[in-house]
Each structure stands twice: as structure tokens, then as C-alpha cells.
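Residue numbers (my numbering): 117 to 586.
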């Protein structure tokens, strides 16, 4: 039986990052990957969606140019097939870059097959041609990714697509129901609507994009609702028809030619037979993973990326791959596991305006212990020039420590504001310290300063000196 120091299962962002570190310490490793190579982000997530969003934003921008004196745009129209061709061409280029490292691995270290445990130290690999091989590793890093959640009755229904299949289409649909209004559903739904597709959004929960602040939610429903109707608290039922799919929800029923099911993703750990490795599982079939070490219980198995069932975010998947690799190396050298602290939590939807949060969300905080600073962009010069002057920032600070705890927003260019606020949060500085940083005029960031000033008025007895003493 073949024996190695480390077996890495999965060739996505977490596995890719872990491999880069493992290679620096040992050449006695294997990578085992089932299916296509490349990251979820590059092939079916972040990158192709951003190409579609960019095209939609460009087309939407044309509609605003007439008031600026730019004429002759009346004949502009969307060629759905050309749009998807552009998305696929760029997607393929992104994927090519992510698979290049795997292509350089020797065949004996790059195994394309399905892995499953047969005992705590042994896995069985089933290759595409049906061959099987037993392999033992001293340490395992499991990063097999995730798959879309799709109700069984919908799985073989023509016209139902998920984020895994959406970008394979030859053209854009004419009429689509987006079921699930998390980040993926909102981004793709709004982009299609801006490109002329008739879209309706349906969500079983009472929020969109994970927003927990009711004021931010109300503003988001208003602004995103300009592009396509949103129905919250509704469960959808699907029925195949001669012309498409009948979607029934609440008191509504409508026929569409496509349904985009954006119901979240499920970790692929269930394919690895962890029970045979002696790992206890909870009601969801998930093991107990220590997020500070990425180790399962006291085993020789580490998990990283989407497979943890936590946040499916590239930079966090990469961090988890690093932590797993660091601790695998520690274990091989008989050292104790190192514990790591996660970065400030940061999430965003690349809608227009951007939706996002950093640090702690509104529903995680005690209203009695915080103050809130807000700004709505109505009077800020730069957003008005850009014709993007609607939104809402809500920042939360601790009354006692006077430090920024978190925030939620829907804001023009909010992706940049969220980064800057997350950096300030991770540095654990007081609101007054952030106000002493430079804010260039005219800029969208000035809206953050207004919200910070509102916090400062509630936190400090004296006005904050917004310049640094020599």
C-alpha cells in the first residue's frame, strides 16, 4: 500500500493554498481531486459573475448618459449570446490560471478520483475508469469544496439552473425566476434585469443578502426593487409546463422559461465517509472542526474551505488552507497545533449599490451597549456627480471602549468602504483615531466620515480633534 506524509483532497482555493505550503516542507504528498480542476471562484462564482455584472453596469451607465449631453445611444441593445460568450471567454482565462499549478504536478502526485476513508488512516481512491487504490497518509487536508443545494424534484427539471450551470448557457433567458436572494441570487438577478431579462426574485426568509439591520434592509429592498420585484417570506413550488416552468409562491403564479435556484451550497464532506475514520458527526453530518486549528477533534484530519460549511469566501478559504497546512507540518514534526485568529469578518454582494457588512452585524449586538452612526449619501457631492447618490451606512461602536464593532450598508462603491472599515476594525482603534485619518475631497469615503462623526458625538464628552498633535 502506498504511504505518504500528506494527502490533500480537493484542488480549489483552500487545497491550492495548502499545497503551496506543504510542498515547501515535503515532497512526499499527493493531491486527490474529483471532477474538474480550478477554483469555484474562477469557474462558477466570483469571476464569471463579476464579468456579467460589469457588462450590466456598463449598459446601465448608457441609460444615464443622455442627461450628461452624450447623444446617439438610442440604438444600443443587448445581444444575449454575445454577452454569454464574453463571460465564458473571460471565465476560461481565469480558470486556466488557477489550474496551471496542478498541471505541473507529476502524475503520481496528481490523482483524479474520489477519495473515501476506510479506516482512520486509510483512504480508498476510485478513479474515473473504475480502478481503486488504497493509500495511507500521516496527515490529511480535506478541501473538497461544496455543491449547490437543489431540491430533489427540481434536479432533473429542464430549465432549472444553479450557479454551477448558469454560466454554461449559450444566451441569456427571456424570463427567469430567481429563487434564493442571498449574494448569488441578488447579483445574478440584478445583472440579468439590467440587461433586459424579465426577472422576479423569491426568498423564503425575511431578508436579502444576509442583512440583519432593519434600516439597511428597507433601503436595500427599495433600491434593488427598482431593477426587479422581490418577494420575501415566500416558498416556491415548481411545475413543468409545455412552454417552461410554472412557479407558484404565496398568492402568485407565473410561467417562466428558466429558474435560477440560488439556495446556498452544501459541503462535500459527506462523500468522504468520515464515520469510517472514527469521526463523530452532528445531525447535519458535519464533524466538529476547531476554527483556530482547522483540525477535526483530535484526529490527523484537517478541513478547509467551503467544506467547513461556514463562509464560502475565497480569502477565508485560503486562510483556512494555510492554517491546515501549518498545523499538518507541526504534526509531522511532533509539534503541538498552533492556534490562529480569524481576520475581521467581511462580506459583500456586488449589487448596485453594493451591499455588505464588516465585523459584527446588527443582530449580534446588544442595543443597550452600542451607539449607531449613519449616512445616506443624499448630499455628498461625488455620488451626485456619478448619479449614484442613494444608499445607507450604519456603523456600530461600543459605548465603553469607543471602538468600532461593525457595520452594515448598501452604498455606492461600498466594496471599497467596507475594506477600509474592516481594516480599521481589525486594528482595534477608537472611533476618534479613525477620524484622524485622511479623507480626500470629493470622494465617497467622506460619507464614512459623516457616520463616524455621528458616532463620535455620542461617544465623547468633548468634540474630537480631527488632526494629529505633533
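Ideal Cβ positions, reconstructed from N, Cα and C, are used throughout, including at glycine. Just so we're clear, the structure is a prediction, and the values are computed from it rather than from any experiment.
Since residue i and residue j are thought to touch, with beta carbons under 8 Å apart, how far apart are those beta carbons, to the nearest angstrom?
| i | j | result |
| --- | --- | --- |
| residue 128 | residue 261 | 5 Å |
| residue 286 | residue 388 | Not confirmed; about 35 Å, so no contact. |
| residue 303 | residue 465 | 6 Å |
| residue 339 | residue 323 | Actually they do not touch by this definition, with Cβ atoms about 15 Å apart. |
| residue 533 | residue 540 | Incorrect: roughly 11 Å between the Cβ atoms, too far for contact. |
| residue 283 | residue 204 | 7 Å |
| residue 440 | residue 123 | Wrong, their Cβ atoms sit about 12 Å apart, outside the cutoff. |
Report the residue from the options whose alpha carbon sits nearest the alpha carbon of residue i.
| i | options | result |
| --- | --- | --- |
| residue 126 | 235, 455, 230 | 230 |
| residue 223 | 236, 473, 148, 211 | 148 |
| residue 275 | 252, 357, 436, 463 | 357 |
| residue 102 | 168, 484, 130, 506 | Summary: the structure shown does not reach residue 102, with the chain confined to residues 117 through 586, and so no result is reported for it. |
| residue 172 | 272, 306, 282 | 306 |
| residue 403 | 409, 395, 410 | 395 |
| residue 347 | 566, 297, 479 | 297 |
| residue 574 | 486, 523, 283 | 486 |
| residue 525 | 563, 540, 517, 558 | 563 |
| residue 474 | 480, 462, 481 | 462 |
| residue 522 | 543, 318, 152 | 543 |
| residue 319 | 376, 250, 143 | 376 |
| residue 213 | 200, 240, 157 | 157 |
| residue 253 | 237, 445, 263, 267 | 237 |
| residue 170 | 206, 183, 139, 190 | 206 |
| residue 558 | 584, 506, 501, 390 | 501 |
| residue 152 | 406, 176, 219, 134 | 219 |
| residue 518 | 503, 545, 531 | 545 |
| residue 141 | 449, 468, 210, 429 | 449 |
| residue 584 | 268, 550, 314, 480 | 550 |
| residue 478 | 174, 317, 331, 579 | 331 |
| residue 234 | 496, 301, 251, 371 | 251 |
With 16 as the cutoff for other CB atoms within 10 Å, does residue i come out buried or exposed?
| i | result |
| --- | --- |
| residue 193 | exposed |
| residue 442 | buried |
| residue 435 | buried |
| residue 369 | exposed |
| residue 374 | buried |
| residue 363 | buried |
| residue 476 | buried |
| residue 472 | buried |
| residue 186 | exposed |
| residue 335 | buried |
| residue 132 | buried |
| residue 272 | exposed |
| residue 146 | buried |
| residue 529 | buried |
| residue 567 | buried |
| residue 155 | buried |
| residue 244 | exposed |
| residue 159 | buried |
Could you tell me which residues DSSP puts in a beta bridge with residue i?
| i | result |
| --- | --- |
| residue 472 | 464, 525 |
| residue 230 | 242 |
| residue 259 | DSSP output for residue 259 lists no bridge partner at all. |
| residue 369 | 364 |
| residue 490 | 510 |
| residue 411 | 418 |
| residue 440 | Residue 440 pairs with nothing; no bridge assigned. |
| residue 374 | 292 |
| residue 315 | 292 |
| residue 248 | 242 |
| residue 381 | 264 |
| residue 347 | 318 |
| residue 235 | 238 |
Is the Cβ of residue i closer than 8 Å to any Cβ of chain C?
| i | result |
| --- | --- |
| residue 125 | Protein chains in the displayed structure number just one, and chain C is not present. |
With three or more beta-carbon pairs closer than 8 Å as the criterion, would you say the region 419 to 437 touches the region 377 to 384?
yes
Taking contact to mean 3 or more Cβ pairs, one atom from each stretch, closer than 8 Å, check whether the region 503 to 513 and the region 446 to 459 are in contact.
no
Check whether the region 242 to 257 and the region 406 to 420 touch, using three or more Cβ-Cβ pairs below 8 Å as the test.
yes
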